[in-house]
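Heads up, the thing below is written out as structure tokens.
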Amino acid sequence: MSRPKRKSLPIKERRKGFSPVEFGLIREEAIKEAERCLGLRECQYCEICGLLCPDLCITRDEKTGEVLIDLDYCKGCGICASVCPKGAIEMALEEAK
């Protein structure tokens, strides 16, 4: 998803002075821009994490396309989180039981 094109005044209008000009986004553009920015950390299903997982615990459901992490086999090495281009995987320490 690309950013909305920046709006500007025609050259003849700009030559008339140095007044600041602000163009905001219309509602639809603002919604699209927010979706673009908020979606930056969403998984894009590139499968890099699964290819580099030494425990082979990251797979993709063939029916739904969803990425699955088998936490019973995950050793918590963090390789998946470090290679994810979208930052969609976060590692957190578990509290002692």
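Just so you know, we're using the working numbering here: the sequence shown kicks off at 700 and counts up by one.
For every residue, glycine included, the Cβ atom is placed at its ideal position computed from N, Cα and C.
- The beta carbon of residue 742 sits closer than 6 angstroms to those of 766 and 787, all from its chain and outside the five residues before and after it, given in chain order.
- Note: residue 759 is bridge-paired with 766 in the DSSP secondary-structure output.
- The beta carbons of residue 749 and residue 757 sit closer together than 8 angstroms.
- Note on residue 776: under 16 other CB atoms within 10 angstroms of its CB, so exposed under the neighbour-count rule.
- Here residue 790 has 777 and 780 as same chain residues with Cβ atoms under 6 angstroms from its own Cβ, once five neighbours each way along the sequence are excluded.
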